[in-house]
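**Student:** Residues in the sequence shown are numbered consecutively from 1, following our numbering.
Glycine is no exception: its CB is placed at the ideal position from the N, C-alpha and C atoms.
The structure presented is a predicted model; accordingly, all values stated were derived computationally and were not measured.
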Amino acid sequence: MIYPRRCPLCGEIVKNKGCLACKECYETAPFIKEPRCKCCGKTILKWEQEYCEDCTRKQHHFSYGFSLWSYNAQMKQSIAYFKYHHRRGYGDFYGKEFAKRYGTHIKELEIDALIPVPIHWTRHIQRGYNQAQVIAQVIGKELDLPVVEDLLIRNRKTVAQKQLGSRERAKNLENAFKISQRWINKQETLKKILLVDDIYTTGSTLDVCAKVLKQVDIAEVYFGVLCVGIGF
């Protein structure tokens with residue numbers, strides 16, 4: 001049975017043939033515009049500012065990243081349906097949109113591979129898929145880049161980050177990720193990678209992942225996310 005495509009931005013059936021989202025929704029989506037933070041991609045107020053307050057205070061383990069939308073009410077609902085309500089097909093729109101907007105820049109960086117941020121196996125069973133993996137697979141297909149899924153693993157289950165403050169987020173992620181023995185046994189090397197996730201709030205998850213990845217001599221870690229939080 002073929003189901004009609006639903007718009008990832010409003011949840012209604014897409015009327016425009018061949019489109020992944022409603023034209024009206026697409027035009028009002030909160031795409032991040034310049035000026036933006038040179039590190040996390042968050043919208044900033046002044047061109048001369050260069051970095052948001054959060055990135056000014058923190059030194060990150062990743063180099064910098066790419067984000068598509070501000071995490072407003074519209075995108076919060078969209079991603080919640082994608083993650084928790086079996087709307088896996090939304091990943092097509094997300095991944096293709098990301099590749100369209102940032103593909104040229106990513107290719108210029110000469111990225112070796114995409115690495116989705118892993119979720120714990122219990123959450124994988126609950127949801128049926130890892131949302132970051134779905135997005136990464138679409139981006140990889142669009143940009144002809146490999147997706148490496150057996151390098152980084154979630155070592156233990158953690159409390160959902162959205163429930164925690166900035167300090168608690170960092171503590172919650174201690175020893176949460178590690179390099180898989182399977183990857184170590186392969187003795188393969190990567191020099192530049194793009195970490196893929198759905199949301200950037202304070203960057204704690206991506207920071208911890210980047211720190212772990214550098215243990216296997218990955219020189220440059222960049223990231224790509226769908227949304228970046230507002231006001232952090």
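Could you work out which residue in K214, Y200 and D197 is closest to K178 when comparing CA atoms only?
**Tutor:** That would be K214, whose Cα lies nearest to the Cα of K178.
**Student:** State the DSSP-derived secondary structure class of R123, mapped to helix, strand or coil.
**Tutor:** Three-state result, R123: helix.
**Student:** Please say whether A176 and L145 have beta carbons closer to each other than 8 Å?
**Tutor:** Their beta carbons are not under 8 Å apart, which means L145 does not touch A176 by this criterion.
**Student:** Select from V138, I106 and H124 the residue whose C-alpha is nearest the C-alpha of I153.
**Tutor:** Comparing Cα-Cα distances from I153 to each of V138, I106 and H124, the minimum goes to H124.
**Student:** Note the first and the last residue of the continuous beta strand (DSSP E) segment covering L68.
**Tutor:** Note, L68: beta strand (DSSP E), G65 to S70.
**Student:** Is C227 helix, strand or coil by DSSP?
**Tutor:** In this structure, C227 counts as strand in the three-state DSSP scheme.
**Student:** Contact defined as beta carbons within less than 8 Å: I believe V148 pairs with Q137. What is the distance between those atoms, to the nearest angstrom?
**Tutor:** Not confirmed; about 11 Å, so no contact.
**Student:** Tell whether a beta-carbon distance below 8 Å holds between S63 and Y222.
**Tutor:** Yes, Cβ-Cβ distance for S63 and Y222 is below 8 Å.
**Student:** Find out if the Cβ-Cβ distance for the pair L143, K96 is shorter than 8 Å.
**Tutor:** Not closer than 8 Å, so no.
**Student:** Within a Cβ cutoff of 6 Å, which residues of the same chain sit near S78, ignoring the five residues on either side of it in sequence?
**Tutor:** Around S78: P8 and L9.
**Student:** Excluding the five sequence neighbours on either side, which residues of its own chain have a C-beta within less than 7 Å of the C-beta of K211, listed in chain order?
**Tutor:** Within the same chain, K211 has close Cβ partners H61.
**Student:** Is the beta carbon of L195 sitting closer than 8 Å to the one on C209?
**Tutor:** Their beta carbons are under 8 Å apart, which means L195 touches C209 by this criterion.
**Student:** Thinking C-alpha only, which one of D198, E220, D197 and E174 is nearest T189?
**Tutor:** The residue with the shortest Cα to Cα distance from T189 is E220.
**Student:** My output table needs one value for F93: the three-state DSSP class, helix, strand or coil.
**Tutor:** Helix.
**Student:** For R101, which option in K33, L45 and S204 has the closest C-alpha, if you only look at C-alpha atoms?
**Tutor:** The option with the nearest alpha carbon to R101 is K33.
**Student:** To the nearest angstrom, how far is it from the Cα of T158 to the Cα of D54?
**Tutor:** Cα to Cα, T158 sits roughly 23 Å from D54.
**Student:** State the start and end residues of the unbroken alpha helix (DSSP H) segment that holds I184.
**Tutor:** Looking at the DSSP string, the run of the alpha helix (DSSP H) that includes I184 is Q181 to K186.
**Student:** Cα-Cα, which of L173, K186, Y84 and Q133 is closest to V225?
**Tutor:** It is Q133 whose Cα lies nearest to the Cα of V225.
**Student:** To the nearest angstrom, how far is the alpha carbon of K191 from that of K15?
**Tutor:** About 44 Å.
**Student:** Can Y71 and V228 be called in contact, C-beta distance under 8 Å?
**Tutor:** Yes, they are a contact pair.
**Student:** Taking the alpha-carbon of K141 as reference, which of I119, P35 and Y94 has the nearest alpha-carbon?
**Tutor:** The option with the nearest alpha carbon to K141 is Y94.
**Student:** What are the boundary residues of the alpha helix (DSSP H) that L206 is part of?
**Tutor:** From DSSP, the alpha helix (DSSP H) with L206 extends over S204 to L213.
**Student:** Where I218 and H120 are concerned, what is the direct C-alpha to C-alpha distance, given to the nearest angstrom?
**Tutor:** Straight-line Cα distance between these residues: approximately 23 Å.
**Student:** If you reduce the DSSP assignment to three classes, tell me which class Y3 lands in.
**Tutor:** In this structure, Y3 counts as coil in the three-state DSSP scheme.
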